[in-house]
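Novice:
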Amino acid sequence: MTTRVRGARLVVEGGVVLSGSIGISGAKNHALAAMCAALLTDEDLILENVPDISDVESLGALLVSLGAEVDRLPNGSLRLNCSRVNMFEAPTDLISENRASFQVMGPLLGRHGYAASAPPGGDVIGQRPIDVHLSGFEAMGAVVTREGERYVTSAPQGLRGARVFMDYPSVSGTQNVMMAATLARGHTTIVNAATEPEVQELANLLNGMGARISGIGSQMLEVEGVEAVHGTNARVMPDRIETGTWAIAAVMTGGDVELNDVPTGCLDALLTKLRAAGADIEEHGNSLRVRRAGPIRAISFQALPYPGLATDLHAPMAALLTQANGVSIIHERVFDNRMLYVSELRKMGAEIVSTGSSAIVSGPTPLHGARVRALDVRAGAAVLLAALVATGTTIIDDVYHLDRGYERLTEKLRGLGVEVERN
Ligand code: EPU
1 MTTRVRGARL VVEGGVVLSG SIGISGAKNH ALAAMCAALL TDEDLILENV PDISDVESLG
61 ALLVSLGAEV DRLPNGSLRL NCSRVNMFEA PTDLISENRA SFQVMGPLLG RHGYAASAPP
121 GGDVIGQRPI DVHLSGFEAM GAVVTREGER YVTSAPQGLR GARVFMDYPS VSGTQNVMMA
181 ATLARGHTTI VNAATEPEVQ ELANLLNGMG ARISGIGSQM LEVEGVEAVH GTNARVMPDR
241 IETGTWAIAA VMTGGDVELN DVPTGCLDAL LTKLRAAGAD IEEHGNSLRV RRAGPIRAIS
301 FQALPYPGLA TDLHAPMAAL LTQANGVSII HERVFDNRML YVSELRKMGA EIVSTGSSAI
361 VSGPTPLHGA RVRALDVRAG AAVLLAALVA TGTTIIDDVY HLDRGYERLT EKLRGLGVEV
421 ERN
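Per our numbering, residue 1 is the first one in the sequence shown, and the count goes up by one each step.
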């Protein structure tokens, strides 16, 4: 396991052309939601392909604090058993570690009729309210009150199925309400549900545990409540954001990289935009070979809910576009503050300005090594990508943000030819 000290930094030598092959790790945002689903049953939930990242560690610690057993099996799978869960209040220090932790609320409330928590932590990329989670619980009969900083939800008679309209198709909101509805009495319809692949995979996992969810992948999820669900074995889907990050790295450095175990059927926006920018991408089953066909071209894109281009790829794509010929325009349509990376890229010589939720990138600009910070997990990915094509050495501080979402980062970088130290 990587040492994840807060003060750690990466020292990256630029001017590298990536070559070789790497395997894509399990998806952070599927793994985290799946771990919360373990709270719905007394039986073992065995999850394969759970990435070794700090967000998994901190959510594991939160589940343990509630009374769960969470351990890595010799084959690397994660075993979760929640038969001894007897605490229904999430400790504030652990809930503030990441965003997904608030997804303990739905299963706790659905199963035990009570759950309390402070608002979740996570990247500072916008206001990130949780009103759709709470109004979903209320629609199913829960009483939601505020005690100090904590939200207290209770439904002593159990939740009942309802028609739940989501003001915004929130990813974790949909997952939370879907888990709560799994054990509710009667039928729940979630209208304006998020359709992200991680939401679909959570629904498939729940069905594998005995839930009755249909409409998976649509904006209208139907959940027929069941009395109980059971344990199962499931594999976490590969991470589409990690796939995108490495594919961008290959294009940006003019490299030749094979990405193995990529997710299939959900990369349309990424592949379309990368090809428009000049990438040569061959798809072979669940592998991609990514090269560059010529100079990088300027493109414009919007970061959108799925199946649009993922907001989590906004900052990495912006780093790529600093090397494109011409002016690129980016519109962020999901979060209201995802521009933190702009100032860091500018320190490296990028010509990029942000106004409100848009960024304008002029290229190509030669980048130079600098001392920069990983301000959130994807802003960190953007400066790392920039460091690969910069002249000289880049020092990236606050690398713990990257540890939240990228497994075995230095090992994978070195495997593709990057000179990188972590200290
Ligand atoms: N929103 C509301 N009301 C709510 C909830 C959300 O208006 O009650 C709005 C937010 O303000 C935001 C938008 O909905 O503007 C999207 O938020 P959403 O709730 O969908 O995001 P999330 O569930 O907090 C997950 C991922 C993020 C990813 C987003 C969007 C997890 C743990 N996190 O966050 O992942 O960016 O969906 O796809 O699943 C990352 O991996 O770097 C990351 C930030």
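We put the beta carbon where it would ideally sit given N, CA and C, even for glycine. Please read these numbers as outputs of a predicted model, since none were measured by experiment.
How is the alpha helix (DSSP H) around Arg346 delimited, first residue to last?
Specialist: Working through the sequence shown from its first residue, we reach residue 346 at position 346. Start and end: 341 to 347.
Novice: Would a C-beta distance cut-off of 8 angstroms place Ile296 and Asn325 closer than the cut-off?
Specialist: Indexing the sequence shown from 1 puts residue 296 at position 296. Indexing the sequence shown from 1 puts residue 325 at position 325. Yes, the Cβ-Cβ distance between Ile296 and Asn325 is below 8 angstroms.
Novice: Taking Cβ to Cβ, would you say Leu183 is nearer than 8 angstroms to Gly136?
Specialist: Locating residue 183 in the sequence shown gives position 183, where the first residue counts as 1. Locating residue 136 in the sequence shown gives position 136, where the first residue counts as 1. No.
Novice: Can you give me the Cβ contacts of Ser58 inside the same chain, cut-off strictly under 7 angstroms, excluding the 5 residues immediately before and after it?
Specialist: Here residue 58 refers to the residue found at position 58 when the sequence shown is read from its first residue. Same-chain partners within the cutoff: Leu94, Glu97, Asn98.
Novice: By Cβ distance, which residues of its chain are closer than 6 angstroms to Thr2, with the 5 residues on each side in sequence left out?
Specialist: For this step, residue 2 is matched to residue 2 along the sequence shown. Legend: pLDDT at Thr2 = 45, less than 50; position of this residue unreliable, value from coordinates given subsequently. Excluding sequence neighbours, Thr2 sits near nothing in its chain.
Novice: Let me check one thing: in DSSP terms, what residues is Ser358 bridge-paired to?
Specialist: In the sequence shown, residue 358 corresponds to position 358, counting from 1. Its beta-bridge partners are His331, Thr355.
Novice: Could you tell me if the beta carbon of Ala34 falls within a distance shorter than 7 angstroms of some heavy atom in the ligand EPU?
Specialist: Reading the sequence shown from its first residue, position 34 is the one you call residue 34. Result no, Cβ not under 7 angstroms from the ligand EPU.
Novice: Could you compute how far the alpha carbon of Ala8 sits from the alpha carbon of Leu384?
Specialist: The residue labelled residue 8 in the question sits at position 8 within the sequence shown. The residue labelled residue 384 in the question sits at position 384 within the sequence shown. Straight-line Cα distance between these residues: approximately 14 angstroms.
Novice: Please state whether the Cβ-Cβ distance between Arg333 and Ala303 is less than 8 angstroms.
Specialist: Taking the first residue of the sequence shown as position 1, residue 333 is located at position 333. Taking the first residue of the sequence shown as position 1, residue 303 is located at position 303. Yes, they are a contact pair.
Novice: Which residues in the same chain have their Cβ closer than 6 angstroms to the Cβ of Tyr114, if we skip the five residues on either side of it in sequence?
Specialist: Sequence index remark: in the sequence shown, residue 114 carries index 114 (1-based). Closer than 6 angstroms at the Cβ level, and outside the excluded window around Tyr114, lie Phe88, Ser154.
Novice: Report back the beta-carbon spacing between Val11 and Asn423 to the nearest angstrom; my notes put them in contact at under 8 angstroms.
Specialist: Along the sequence shown, one-based indexing puts residue 11 at 11. Along the sequence shown, one-based indexing puts residue 423 at 423. About 7 angstroms separates the two Cβ atoms, so the contact holds.
Novice: With DSSP collapsed to three states, give me the class of His401.
Specialist: Numbered from 1 along the sequence shown, position 401 holds the residue referred to as residue 401. DSSP places His401 in helix when its eight states are reduced to three.
Novice: Does Gly326 come within less than 8 angstroms of chain B when only Cβ atoms are used?
Specialist: In summary, chain B is missing from the structure at hand, where a single protein chain is found.
Novice: How is Ala249 classed by DSSP in three states: helix, strand or coil?
Specialist: In the sequence shown, residue 249 corresponds to position 249, counting from 1. DSSP places Ala249 in helix when its eight states are reduced to three.
Novice: Less than 8 angstroms between the beta carbons of Thr41 and Met178, yes or no?
Specialist: Counted from its first residue, the sequence shown places residue 41 at position 41. Counted from its first residue, the sequence shown places residue 178 at position 178. In this structure, Met178 does not lie closer than 8 angstroms to Thr41 by Cβ.
Novice: Tell me which residues share the same chain as Ala382 and place their Cβ nearer than 7 angstroms to its Cβ, disregarding the 5 neighbours each side in the sequence.
Specialist: What you label residue 382 is simply residue 382 of the sequence shown in a count that begins at 1. Excluding positions up to five away in sequence, the list reads Ala315, Pro316, Ala318, Ala319, Tyr341, Leu345.
Novice: Which word fits Glu147, buried or exposed, when buried means at least 16 other C-beta atoms lie within 10 angstroms of its C-beta?
Specialist: Against the sequence shown, residue 147 aligns to sequence position 147. Classification for Glu147: exposed.
Novice: Looking at C-alpha atoms only, which residue of Leu388, Thr393, Val399 is the closest neighbour of Ser19?
Specialist: Locating residue 19 in the sequence shown gives position 19, where the first residue counts as 1. Nearest option by C-alpha distance: Leu388.
Novice: Can you tell me whether Thr2 is helix, strand or coil according to DSSP?
Specialist: The residue given as residue 2 occupies position 2 in the sequence shown. Confidence at Thr2 is low in this model, with a pLDDT of 45, below 50, so its placement is unreliable and the value that follows should be read with caution. DSSP places Thr2 in coil when its eight states are reduced to three.
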